[in-house]
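Residue 1 is where the first sequence starts when you use full-length UniProt numbering, and the numbers rise one by one after that. Just so it is clear, CB atoms sit at the ideal spot from N, CA and C, and this is done for glycine as well.
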Amino acid sequence: MLVIEDGPSAKKHRRSTKVDDDAAAAERRKLIDAERRQLPAWAARDKLLQLLQEHRTLVLVGETGSGKTTQIPQFLLSARFGSRSRSRSSTAPGKPTSDKAGAAGTPGDIKSPQKATGVVERDGASRGAVTQNDGPAQNVHHVSINGSDGGGAANHGGPQQPTGKSVGGSDGSRAGGGAIAVTQPRRVAAMTVARRVAEEMGTKLGDKVGYAIRFEDVTSHSTRIKYMTDGLLLREALVDPLLSRYRIVIIDEAHERTVHTDVLFGLLKGVQARRGEDFRLIIMSATLDAARFVDYFPGAVAALIRGRQFPVRVMYTPKPEDNYLDAAINATLQVHADEGEGDILVFLTGQDEIDSAERLLKDRLATLQGSRGPTSSPSFGSRELLVLPIYAALPPEQQMKVFEPAPEGQRKAILATNIAETSITIPGVRYVIDTGHVKARDYNAKLGLESLAVVPVSQAQARQRSGRAGREGPGKAFRLYTEADFSVLEPTTPPEITRCNLGSVVLQLKAMGINDVLGFDFMDPPPRAAILRSLELLYALGALDAAGCLTEGVGRRLSRLPVDPMFGRVLLAATEMGCGQEAVAVVAMVSTENVFHTPRQKEREWRAARLKFVSREGDHLTLLNVFRGFLELPKESNKARTTWCSENFINIRAMRKAEDIYEQLVRFLGHPSPPGLGLQLATCGEDSTPLRRALTAGLFPHAAKLQPDGSYRVLATGRQVFLHPSSVLLDRKPACLVFNELMHTTRTYARDAVEIEARWLPELAPAVFAAKTIAAAAGPGVGINERLAPATTGVAAGARGRALRGAE
DNA sequence: GGGTTAGGGT
Numbered sequence: 001m002l003v004i005e006d007g008p009s010a011k012k013h014r015r016s017t018k019v020d021d022d023a024a025a026a027e028r029r030k031l032i033d034a035e036r037r038q039l040p041a042w043a044a045r046d047k048l049l050q051l052l053q054e055h056r057t058l059v060l061v062g063e064t065g066s067g068k069t070t071q072i073p074q075f076l077l078s079a080r081f082g083s084r085s086r087s088r089s090s091t092a093p094g095k096p097t098s099d100k101a102g103a104a105g106t107p108g109d110i111k112s113p114q115k116a117t118g119v120v121e122r123d124g125a126s127r128g129a130v131t132q133n134d135g136p137a138q139n140v141h142h143v144s145i146n147g148s149d150g151g152g153a154a155n156h157g158g159p160q161q162p163t164g165k166s167v168g169g170s171d172g173s174r175a176g177g178g179a180i181a182v183t184q185p186r187r188v189a190a191m192t193v194a195r196r197v198a199e200e201m202g203t204k205l206g207d208k209v210g211y212a213i214r215f216e217d218v219t220s221h222s223t224r225i226k227y228m229t230d231g232l233l234l235r236e237a238l239v240d241p242l243l244s245r246y247r248i249v250i251i252d253e254a255h256e257r258t259v260h261t262d263v264l265f266g267l268l269k270g271v272q273a274r275r276g277e278d279f280r281l282i283i284m285s286a287t288l289d290a291a292r293f294v295d296y297f298p299g300a301v302a303a304l305i306r307g308r309q310f311p312v313r314v315m316y317t318p319k320p321e322d323n324y325l326d327a328a329i330n331a332t333l334q335v336h337a338d339e340g341e342g343d344i345l346v347f348l349t350g351q352d353e354i355d356s357a358e359r360l361l362k363d364r365l366a367t368l369q370g371s372r373g374p375t376s377s378p379s380f381g382s383r384e385l386l387v388l389p390i391y392a393a394l395p396p397e398q399q400m401k402v403f404e405p406a407p408e409g410q411r412k413a414i415l416a417t418n419i420a421e422t423s424i425t426i427p428g429v430r431y432v433i434d435t436g437h438v439k440a441r442d443y444n445a446k447l448g449l450e451s452l453a454v455v456p457v458s459q460a461q462a463r464q465r466s467g468r469a470g471r472e473g474p475g476k477a478f479r480l481y482t483e484a485d486f487s488v489l490e491p492t493t494p495p496e497i498t499r500c501n502l503g504s505v506v507l508q509l510k511a512m513g514i515n516d517v518l519g520f521d522f523m524d525p526p527p528r529a530a531i532l533r534s535l536e537l538l539y540a541l542g543a544l545d546a547a548g549c550l551t552e553g554v555g556r557r558l559s560r561l562p563v564d565p566m567f568g569r570v571l572l573a574a575t576e577m578g579c580g581q582e583a584v585a586v587v588a589m590v591s592t593e594n595v596f597h598t599p600r601q602k603e604r605e606w607r608a609a610r611l612k613f614v615s616r617e618g619d620h621l622t623l624l625n626v627f628r629g630f631l632e633l634p635k636e637s638n639k640a641r642t643t644w645c646s647e648n649f650i651n652i653r654a655m656r657k658a659e660d661i662y663e664q665l666v667r668f669l670g671h672p673s674p675p676g677l678g679l680q681l682a683t684c685g686e687d688s689t690p691l692r693r694a695l696t697a698g699l700f701p702h703a704a705k706l707q708p709d710g711s712y713r714v715l716a717t718g719r720q721v722f723l724h725p726s727s728v729l730l731d732r733k734p735a736c737l738v739f740n741e742l743m744h745t746t747r748t749y750a751r752d753a754v755e756i757e758a759r760w761l762p763e764l765a766p767a768v769f770a771a772k773t774i775a776a777a778a779g780p781g782v783g784i785n786e787r788l789a790p791a792t793t794g795v796a797a798g799a800r801g802r803a804l805r806g807a808e
């Protein structure tokens, strides 16, 4: 069971199996109520509501365990913020409704961040030594909310106003007019928090409180509080740019700065400008970066709610470690030998590193046991150390082991990637070992190249890691670097939107009528080159016209498909080429990561298993074979599926996700009326040619030709790349191929490749591959790249010029 | 000749 962020309350939550026992239910409600009142958020209730009446944007810094995610929406609802009735009675922007505004003492100061220098007081219990060692708390402009007692405020979950007609011309869809939307970066969080809040309010999930995530909508017409993923709200904005069905939008975990939240920021700013007093925005963030948000949103005010975090003592190494992996193993053994009860969480960078750390640690333990005898030392060997890996690609049954409590007399040492920073919370952890490194994705817009490299963490990330030791009691964090090293780390990790491919983002903005993408009000604008590159790509795909405007035929349809624009283009082409079914399966599979589980110590086994699926034509067809194999299993038999997957070293989570995407795409492409595209999904059977042609029609910007030295050259750019070692084509190296993506690690690798015919290119992408050039290139022994590169660059430059004219 | 951090989508 994954435990979500934000609070002991949610963590303790167990769903009651029966509610027919009224007495027990009432008892439970009392308990829940008592629990709620303990939460720091509860004490801040009245003040928060007051602030929100006076300001259109509230930036709420709620530390871990404050209860902000579960409580704030309920407060708003009980204060009728979640109903339509008060929206008309509110006053003009900037004019407080309440004459009590001054009485609270501070609102005047709060409004102007520059004046309100109130340093946030931080009590020791809240952050303890972490703060101390990290240096002084940042000087942020907030007001600290110290609970006025929340005694009188008990009408939570009271009867709600009938919704009537919604504001701003609602479309009458579910969770109708004036509801409260609360976004989360992760699906599990949206689900579990919604479930908890429904229970607190004593309603059925999907009734007054619900959630919506991709593939799942548990809301109804009576839903007033809707927890959802940020990506989903972004999708809704495509259809309803004013988000008219919501009176309040809450962006939770805003400090994580996902691509989705960052785009939402810009959109919401526009929504505020157009909806005025009719709309309220709350930005909830766990770290003290409120000033950024306050500066960005006009008229915003910040407030802090304390958390319930136990103190964590942070230790640094006196001098730099030259091998953090060795250091981590030593530190783990030392903590195990010297420290009291509690599990150890070690942050490493990736699967390989975790695998080898696991081996090294187990070897060291065996040696120690052997030299001392099984029970010789009271401090060492008296307790066993249970070494457990956790990372996203690990099969679920192995992942589950970290959530089980250590058996009596044992201690867990969990070797984790940054999955344990935010996505999952592991119970029992009291010691954190931070190697100070992380494997991170980056994007070089000029080269259109993604890279994956081990880099130092940011200070914020280091704090987040340390905090994992203080969830259940006082803890200790061991940073395997010096305090001086910490002080020179970047304060925060740059937002993702500044370091990723923007194809989808630019397409979405265009589809929402935001034509001047370069001028979009991003909180942190992505590199200009990244936007330009996306415009070029979208033009090449036919999604934008020469003026940079969305094309109705291709562009509009691509914007609605929930896949990368290049894959969307593959799907559209496939429906015309009679291989829609196969293409949907392939796109679903490539939209899923970690299909194959490839543990290093079982390489022979997984290679043998994979052979059954291998297509000599490439990775896409191999993935298609896997998907077909999976679909042949009885859908209702979980057992059969689990067994098949584990026998074949296939990740069942990935397969379930691929199946969901497949079904969603089939529904979408096939459905006859508007949101659907009403396209026929035919099958090409065993003939792979139509499918490979369809893939070419979308992936042509990634077409590459074999070079004499065994490497490949990307036709559109002239770049030299290598086939990724995981490709089934590695032994066969066809003369021409298209691939999904480039990734730079030790070298520049092309991942997921499929063989194509060079002569298809001018036919399927005439704007980019002039027939003449290809004809020359197709001749034997002709230096194809030298001829192609200038031609394609010229086209790209032309596209850029035209696309920009529309944009600027 | 050799390898993938984590999230997310009407």
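Taking residue 360 as the centre and dropping the five residues before and after it, the same chain places the C-beta of 329 closer than 7 Å to its C-beta, in chain order.
Counting other Cβ atoms within 10 Å of its Cβ, residue 466 reaches 16 or more and is therefore classed as buried. A Cβ-Cβ separation of about 7 Å places residue 251 in contact with residue 284 under the 8 Å criterion. Look at residue 755 here: in three-state DSSP terms it is strand. Residue 512 sits in coil when the DSSP states are folded into three classes, being neither helix nor strand. Cβ-Cβ separation between residue 204 and residue 224: approximately 13 Å, too far for a contact (criterion under 8 Å). Its Cα nearest to that of residue 320, the residue 485 stands out among 485, 765, 522. Secondary structure at residue 80: coil, using DSSP grouped into helix, strand and coil. Distance from the Cα of residue 351 is smallest, within the candidate group 432, 338, 390, for 390. Residue 189 and residue 67 have their C-alpha atoms spaced approximately 13 Å apart.
Taking residue 754 as reference, the option from 769, 702, 720 with the minimal CA-CA separation is 702. Cβ-Cβ separation between residue 406 and residue 412: approximately 5 Å, consistent with a contact (criterion under 8 Å).
Judged by beta-carbon spacing, residue 238 lies within the 8 Å limit of residue 511, meaning their Cβ atoms are closer than that value.
Residue burial annotation: residue 671 is exposed, with fewer than 16 other C-beta atoms found within 10 angstroms of its C-beta. By the C-beta density criterion, residue 281 is buried, having at least 16 other C-beta atoms within 10 angstroms.
Counting along the chain, residue 456 sits inside the beta strand (DSSP E) bounded by residues 449 to 456. About 10 Å separates the Cβ atoms of residue 509 and residue 522, ruling out a contact at the 8 Å cut-off.
Between the segment 354 to 368 and the segment 307 to 323, the count of C-beta pairs closer than 8 Å stays below three; the two stretches do not touch. Judged by DSSP secondary structure, residue 46 falls within the alpha helix (DSSP H) whose first and last residues are 45 to 54. The Cβ atoms of residue 567 and residue 587 lie closer than 8 Å to each other. Counting of Cβ neighbours within 10 angstroms places residue 215 among the exposed residues, the total staying below 16. Annotated three-state conformation of residue 357 is helix, per DSSP. Between residue 541 and residue 499, the C-beta gap is not smaller than 8 Å, which leaves the two residues out of contact.
Taking a C-beta distance under 8 Å as the contact criterion, residue 458 and residue 417 do not qualify as a contact pair. In the three-state reduction of the DSSP assignment, residue 632 falls in the coil class. Straight-line spacing of the CA atoms in residue 762 and residue 688 works out to 20 Å. Contact annotation, residue 311 with residue 470: C-beta distance approximately 6 Å; criterion of less than 8 Å satisfied. According to the DSSP secondary-structure assignment, residue 742 is paired through a beta bridge with 750.
For residue 410, there is no enclosing alpha helix (DSSP H); the residue is found in the beta strand (DSSP E) stretching over 410 to 416.
Beta-bridge annotation (DSSP): residue 213 is paired with 216. In the displayed model, residue 434 falls within a strand according to three-state DSSP. For the segment 224 to 282, the full-length alpha helix (DSSP H) segments reaching 4 residues or more read 230 to 239, 259 to 275 along the chain. Inter-residue distance for residue 760 and residue 527 is about 34 Å (C-alpha atoms, whole angstroms).
In this model, residue 564 and residue 338 are separated by some 51 Å (Cα to Cα). The alpha helix (DSSP H) runs of length 4 or more contained entirely in the segment 633 to 672 are, from start to end of the chain, 638 to 647, 652 to 670. A straight-line Cα-Cα distance of about 44 Å links residue 730 and residue 477.
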